[in-house]
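In this note's numbering, the protein residues as written are 46 to 316.
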């Protein structure tokens, strides 16, 4: 009888190990080549093209600049009109440059390293979605930056084509997209790790610093900054979420051994 129990227990443990390995090998994200490859390619191509257009707009005439009136700006944004600050503009690029190459960190994590190329494709797709929305809005509009309304900004700078790229805060959106994507993917690979809250905290801080720098530089109005923050955060979180393996969402799948009158495995899935 003892031999039978021992053999049964050994078989159960072997099954547990085998099943656990299958769960561990279950992909966190599902890539659909027919959808994701073309979507990423189109999004990236449009973004690169649009960048060449939004940074080569015709300069404004003296008459157009002199016709700008602070009173035409709503009260919620008017207080942000300020002269251009080169220092604040430069400082805002700190978190921006730090956020762009973040996917390299995938190599530092054992679980994520195995899906390095998949995660990088997903990252590129996510960034291209923000690129489409950000460059598309700037391409289709000619909203003047706050500094263009301030007389202390040099006239040549107020007249430049880039002064019409205010709507909306693209740098803020891109930083939010990148950093919250990293936080979301880390949390999906390590749902039980408390370190994921650090990632989300860093994402919020980096986005906030970029937003503050763009405001201080006279580059965007508050509503444009808030829109960039919201769009970037939502995109950075939802794109990987929509690619997540349904069996792993919310950590709903659990496999546990049981014993008593009988022995076996219990697979529990919460809907």
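Glycine residues also receive a C-beta, built at the ideal position from the N, C-alpha and C atoms.
Predicted model only: the values in this text are computed from it and were never measured.
DSSP state of residue i mapped onto helix, strand, coil
| i | result |
| --- | --- |
| residue 102 | coil |
| residue 50 | Annotation note: pLDDT 45 at residue 50 (below 50); position unreliable, coordinate value reported separately. Correct three-state label for residue 50: helix. |
| residue 67 | Annotation note: pLDDT 47 at residue 67 (below 50); position unreliable, no value reported. |
| residue 279 | helix |
| residue 126 | coil |
| residue 140 | helix |
| residue 197 | coil |
| residue 114 | coil |
| residue 215 | helix |
| residue 266 | coil |
| residue 204 | helix |
| residue 146 | coil |
| residue 88 | helix |
| residue 134 | helix |
| residue 154 | coil |
| residue 273 | helix |
Contact belief for residue i with residue j at Cβ below 8 Å, rounded distance in angstroms
| i | j | result |
| --- | --- | --- |
| residue 145 | residue 222 | With a Cβ gap of about 10 Å, residue 145 and residue 222 do not count as contacting. |
| residue 151 | residue 161 | 5 Å |
| residue 103 | residue 206 | 6 Å |
| residue 182 | residue 266 | No, residue 182 and residue 266 are not in contact; Cβ-Cβ is about 14 Å, not under 8 Å. |
| residue 209 | residue 187 | 4 Å |
| residue 224 | residue 180 | Incorrect: roughly 20 Å between the Cβ atoms, too far for contact. |
| residue 166 | residue 230 | Between residue 230 and residue 166 the Cβ distance is about 12 Å, and since that is not below 8 Å, they are no contact. |
| residue 269 | residue 213 | 4 Å |
| residue 226 | residue 138 | Rounded, the Cβ-Cβ distance is 19 Å, inconsistent with contact. |
| residue 79 | residue 290 | Between residue 290 and residue 79 the Cβ distance is about 18 Å, and since that is not below 8 Å, they are no contact. |
| residue 133 | residue 258 | 5 Å |
| residue 170 | residue 277 | About 15 Å; that fails the 8 Å criterion. |
| residue 281 | residue 215 | Actually they do not touch by this definition, with Cβ atoms about 14 Å apart. |
| residue 288 | residue 76 | 7 Å |
| residue 228 | residue 250 | The Cβ separation is near 11 Å, so there is no contact. |
According to DSSP, residues forming a beta bridge with residue i
| i | result |
| --- | --- |
| residue 289 | 74 |
Does the stretch 182 to 201 come close enough to the stretch 113 to 129 that 3 or more CB-CB pairs lie under 8 Å? yes
Using a Cβ distance threshold of 8 Å, determine whether the stretch 119 to 136 contacts the stretch 180 to 192, with at least three qualifying pairs required. yes
Threshold first: 4 residues or longer. Then list the alpha helix (DSSP H) segments lying entirely within the stretch 160 to 197, N to C. Taking only runs of at least 4 residues, the alpha helix (DSSP H) segments lying wholly in the stretch 160 to 197 are 161 to 185.
Runs of alpha helix (DSSP H) lying entirely within the stretch 221 to 263, each at least 4 residues, in chain order: 240 to 261
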